[in-house]
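Visitor: Protein chains in written order, with my numbering: chain A, 1 to 223; chain B, 224 to 498. The C-beta atom is built at its ideal place from N, Cα and C for all residues, glycine as well. Below you'll find the structure I mean.
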Amino acid sequence: MHTWTARLIEIWEENGARVGLLECPADHRPSAGRCLLGAAREGPPPVLPHLLFPGGLLPEGLVLAPGLPLSWQPGIELALRGPFGSGFHLPPKARHVLLAAPQHSPRRLLPLIPLALAQRSEVTLVCHPDFLAALSHPLPPLVEAIPPEALPEALDWADYLAADCPAGLPHLLTEWRGSGQALISVPMPCGNLADCGACAVNTRGGWKLACKDGPVFDLRDLA
Amino acid sequence: MKHDLYLASPLLNAAGTLGFSPRAGLDWLGQLGAFITNPISLHHRSPAHDRTLIPFEGGILLHTGLINPGLRYVLNQHAARWAGLPVPVWVHLIASGPEEAAAMTRQLEGLENVHAVELGLPPEISPAAALSLVKGAHCELPLVVQLPFEQAAQLGPALKGSPAAAFSLAPPRGLLPGQGRLASGRLLGPALLPQALNVVQSLAKAGCPVIGSGGVTCGDDLRAMLEAGAAAVQLDTLLWGLKGPGNLAASIPAEGWGFPLQDEDLDFPPALENQ
Numbered sequence: 001m002h003t004w005t006a007r008l009i010e011i012w013e014e015n016g017a018r019v020g021l022l023e024c025p026a027d028h029r030p031s032a033g034r035c036l037l038g039a040a041r042e043g044p045p046p047v048l049p050h051l052l053f054p055g056g057l058l059p060e061g062l063v064l065a066p067g068l069p070l071s072w073q074p075g076i077e078l079a080l081r082g083p084f085g086s087g088f089h090l091p092p093k094a095r096h097v098l099l100a101a102p103q104h105s106p107r108r109l110l111p112l113i114p115l116a117l118a119q120r121s122e123v124t125l126v127c128h129p130d131f132l133a134a135l136s137h138p139l140p141p142l143v144e145a146i147p148p149e150a151l152p153e154a155l156d157w158a159d160y161l162a163a164d165c166p167a168g169l170p171h172l173l174t175e176w177r178g179s180g181q182a183l184i185s186v187p188m189p190c191g192n193l194a195d196c197g198a199c200a201v202n203t204r205g206g207w208k209l210a211c212k213d214g215p216v217f218d219l220r221d222l223a
Numbered sequence: 224m225k226h227d228l229y230l231a232s233p234l235l236n237a238a239g240t241l242g243f244s245p246r247a248g249l250d251w252l253g254q255l256g257a258f259i260t261n262p263i264s265l266h267h268r269s270p271a272h273d274r275t276l277i278p279f280e281g282g283i284l285l286h287t288g289l290i291n292p293g294l295r296y297v298l299n300q301h302a303a304r305w306a307g308l309p310v311p312v313w314v315h316l317i318a319s320g321p322e323e324a325a326a327m328t329r330q331l332e333g334l335e336n337v338h339a340v341e342l343g344l345p346p347e348i349s350p351a352a353a354l355s356l357v358k359g360a361h362c363e364l365p366l367v368v369q370l371p372f373e374q375a376a377q378l379g380p381a382l383k384g385s386p387a388a389a390f391s392l393a394p395p396r397g398l399l400p401g402q403g404r405l406a407s408g409r410l411l412g413p414a415l416l417p418q419a420l421n422v423v424q425s426l427a428k429a430g431c432p433v434i435g436s437g438g439v440t441c442g443d444d445l446r447a448m449l450e451a452g453a454a455a456v457q458l459d460t461l462l463w464g465l466k467g468p469g470n471l472a473a474s475i476p477a478e479g480w481g482f483p484l485q486d487e488d489l490d491f492p493p494a495l496e497n498q
């Protein structure tokens, strides 16, 4: 349960949500879908630390996905714990990688893009145009972005699906029988310290805890 | 042989805050006088279907359903680890009746490094039913009875003279709007401190040995709990923060806490009390 500190370099908004850039040592960067807990080092501590997800990597540091608290300002030092949980595992043989965030920001899926391109996979991102336009940096030219209406067609094409649907997975995705994973959005108050059960997820193998066994689960395991 | 409650530190974790055994690498674990397990029932308990976490100013409302795999599984998975912990273990039990409580506490007697049982009483339990449950749980290990917060001032005095060696407090329950409904759950966080101090003081004044809990986040809070009459203090959401208890141990007064030793069959020399 190692705690470390890092400086929040920059904060910007994407479609109304606060995104940040963290000066983060390479060995502390969470892989796609894994998470950190963070709180400002100075000032009164929050009741619970904030759950943070990677939203990309820039030369200056780690992009933190949307949802940073209003009290955080550029330049503050954060106390951090993690990474913890189980993230996305891109199959090395996947050639058609579909990233699906049809209802909200695709940020938490973006760390998969360089991995997929490095293994010469084709990448398609399903995302609402408003969220796409709000991204601070353009997608790599090799990534095709399509609107949510094109999801059924994209599923026929994909041989691996990574989904992020905080409001719940659409039937189209839960019924998909290909190789895929989904990032499940649930509160994790104990941050993997207590098996508190708040983040319990019902799977075909029984109840699992998102903070320990997830928050990324195989689509076929989700009940 | 029946043992007394002994604590080398008045700091404890509240049940449900550190798992069935503590995670490796908690460098502050030694600050605790004992490690208290998550609530354990005789049989497996699934999480509540309407589990929820709702933050409010100064706290959180949390409803989980007290998910646990059942006593047998917990003992298989964790008893060996408990034996090697640097702090004593108190096992928190939830039982549906006195027979079940008896069956569960019997399985804990003789386990290495298990020093006490904490028995959680369900909300809205009557004094008679509470007494019956406490009698059922009576065993060689000291019994700490966790009282429903709202009934603590009534139940504590009613259970004096029972096998309860001390009383602790369950988090109060509350309602908050969330997810399109009024959600019910346990309340945790610093906003609860004034209410908790009030309940602790009323139990202490009634002559009940009490372990305080609710809203302790700093040395001043800790000292206030002890001044209100708490023999020890359980910590909850503070432990989920990034600093754990921080340097709370530095705020522990040299005296004015702990339980009186009453039994001749002590495992610890009296000279070690309150060190």
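Classify GLU14 (chain A): buried if its beta carbon has 16 or more other beta carbons within 10 angstroms, exposed otherwise.
Guide: Buried, by the Cβ-count rule.
Visitor: Please list the partners that ASN261 (chain B) has in chain A, where partner means a Cβ-to-Cβ separation under 9 Å.
Guide: Within 9 Å Cβ-Cβ: ALA194, ASP195, CYS196, GLY197.
Visitor: Can you pull the chain D residues whose beta carbon is under 8 Å from the beta carbon of TRP463 (chain B), in chain order?
Guide: The structure shown has no chain D; the protein chains it does contain are A and B.
Visitor: Between PHE491 (chain B) and chain A, is there a C-beta pair that is closer than 8 Å?
Guide: The predicted position of PHE491 (chain B) is uncertain, since its pLDDT is 37 and thus under 50; no value can be drawn from it.
Visitor: Just to make sure I have the definition right: I need the residues of chain A whose C-beta is within less than 7 Å of the C-beta of GLY242 (chain B). Which are they?
Guide: Per Cβ cutoff of 7 Å: LEU193, ALA194, ASP195.
Visitor: Which runs of the beta strand (DSSP E) at least 3 residues long sit entirely within the stretch 54-124 of chain A? Give them in chain order.
Guide: Qualifying beta strand (DSSP E) stretches, in chain order: 54-58, 61-64, 77-84, 96-101.
Visitor: Note down, in chain order, all residues in the stretch 302-327 of chain B with a beta-carbon under 7 Å from any beta-carbon belonging to chain A.
Guide: Within the stretch 302-327 of chain B, no residue qualifies.
Visitor: Alpha carbons only, please: which of B:LEU382, B:VAL310, B:PRO309, B:LYS466 is nearest the one belonging to PRO46 (chain A)?
Guide: Ranking B:LEU382, B:VAL310, B:PRO309, B:LYS466 by Cα distance to PRO46 (chain A) puts B:LYS466 first.
Visitor: Quick one: using the 10 Å Cβ neighbour count with 16 as the cut-off for buried, is GLY412 (chain B) buried or exposed?
Guide: Burial call: buried.
Visitor: Pull up the DSSP beta-bridge partners for ASP218 (chain A), would you.
Guide: A:GLN181, per the DSSP bridge assignment.
Visitor: Rounded to whole angstroms, what's the CA-CA distance from ILE9 (chain A) to GLU122 (chain A)? Just pull it up for me.
Guide: Distance between the alpha carbons of ILE9 (chain A) and GLU122 (chain A) is about 32 Å.
Visitor: Are SER31 (chain A) and PRO138 (chain A) close, meaning C-beta to C-beta below 8 Å?
Guide: In this structure, PRO138 (chain A) does not lie closer than 8 Å to SER31 (chain A) by Cβ.
Visitor: By alpha-carbon positions, which one of B:THR260, B:PRO400, B:VAL297 ends up nearest to ILE277 (chain B)?
Guide: For ILE277 (chain B), the nearest C-alpha among the options comes from B:PRO400.
Visitor: Where does ALA210 (chain A) fall in DSSP's three states?
Guide: Looking at ALA210 (chain A) - three-state DSSP - the assignment turns out to be coil, as it is neither helix nor strand.
Visitor: How about ARG409 (chain B) and HIS286 (chain B): are their beta carbons less than 8 Å apart?
Guide: Result yes, Cβ atoms of ARG409 (chain B) and HIS286 (chain B) sit closer than 8 Å.
Visitor: Is there a C-beta anywhere in chain B that falls below 8 Å from the one on PRO69 (chain A)?
Guide: So no, PRO69 (chain A) is outside the interface.
Visitor: Just how far apart, CA to CA, sit GLY343 (chain B) and GLY239 (chain B)?
Guide: Computed Cα separation, rounded: 12 Å.
Visitor: Starting from THR3 (chain A), follow its DSSP beta bridges and name the residues at the other end.
Guide: Looking at the DSSP assignment, THR3 (chain A) forms a beta bridge with A:ARG81.
Visitor: Apply the 10 Å Cβ neighbour rule to TRP157 (chain A) and answer buried if 16 or more other Cβ atoms are within range, or exposed otherwise.
Guide: With fewer than 16 Cβ atoms within 10 Å of its Cβ, TRP157 (chain A) is classed as exposed.
Visitor: Residues in the same chain with beta-carbon distance under 7 Å from ALA461 (chain B), minus the five sequence neighbours each way, listed in chain order, please.
Guide: With the sequence shown as reference, residue 461 (chain B) is identified as Leu, and Ala is not the correct amino acid for it. The residues are VAL439, THR440, PRO468.
Visitor: With C-beta atoms as the reference, is VAL201 (chain A) less than 8 Å away from LYS212 (chain A)?
Guide: In this structure, LYS212 (chain A) does not lie closer than 8 Å to VAL201 (chain A) by Cβ.
Visitor: Near PRO148 (chain A), which residues of its chain fall below 7 Å by C-beta distance, leaving aside the five closest residues on each side in sequence?
Guide: Result list for PRO148 (chain A): PRO102, VAL126, HIS128, in chain order.
Visitor: Should the stretch 262-272 of chain B be called in touch with the stretch 244-252 of chain B, which here means at least 3 C-beta pairs below 8 Å?
Guide: Output reads no: the stretch 244-252 of chain B does not touch the stretch 262-272 of chain B.
Visitor: What number of angstroms, rounded off, separates the C-alpha of SER71 (chain A) from the C-alpha of ASN291 (chain B)?
Guide: Cα-Cα distance, rounded: 36 Å.
Visitor: Identify the continuous alpha helix (DSSP H) that holds VAL423 (chain B) and give its terminal residues.
Guide: First-last of the alpha helix (DSSP H) with VAL423 (chain B): 416-428.
Visitor: Strictly below 8 Å CB to CB, what residues from chain B border PRO45 (chain A)?
Guide: Result: THR440, GLY464, LEU465, LYS466.
Visitor: Give me, in chain order, the residues of the same chain whose beta-carbon lies closer than 8 Å to that of THR124 (chain A); leave out the 5 immediate sequence neighbours on both sides.
Guide: HIS96, VAL97, LEU98, LEU99, VAL143, GLU144, ALA145, ILE146, ALA154, TRP157, ALA158, listed in sequence order.
Visitor: Mapping DSSP to helix, strand and coil, what is SER355 (chain B)?
Guide: Reduced to three states, the DSSP call for SER355 (chain B) is helix.
Visitor: Could you tell me which chain B residues have their CB closer than 7 Å to the CB of ALA200 (chain A), listed as they occur along the chain?
Guide: By Cβ distance, chain B contributes PRO270, ARG274, ILE290.
Visitor: Report yes or no: is there a C-beta of chain A within less than 8 Å of the C-beta of ARG404 (chain B)?
Guide: Answer no: the Cβ-Cβ gap between ARG404 (chain B) and chain A never drops below 8 Å.
Visitor: Return the CA-CA distance between ALA116 (chain A) and ARG108 (chain A), expressed in angstroms with no decimal places.
Guide: So the alpha carbons of these two residues sit roughly 15 Å apart.
Visitor: Quick one: list the residues of chain A neighbouring ILE177 (chain B), beta-carbon separation under 8 Å, in chain order.
Guide: Nothing can be reported for residue 177 (chain B), as the shown portion of chain B is limited to 224 through 498.
Visitor: Out of B:CYS362, B:GLU347, B:ILE283, which has the shortest C-alpha to C-alpha gap to ALA406 (chain B)?
Guide: Ranking B:CYS362, B:GLU347, B:ILE283 by Cα distance to ALA406 (chain B) puts B:ILE283 first.
Visitor: PRO140 (chain A): which of A:LEU151, A:ALA150, A:ALA118 sits nearest, CA to CA?
Guide: Per the Cα distances, A:ALA118.
Visitor: Figure out for me which residue from A:PRO59, A:LEU172, A:GLY75, A:PRO166 has the closest Cα to the Cα of PRO25 (chain A).
Guide: The shortest Cα separation from PRO25 (chain A) among A:PRO59, A:LEU172, A:GLY75, A:PRO166 belongs to A:PRO59.
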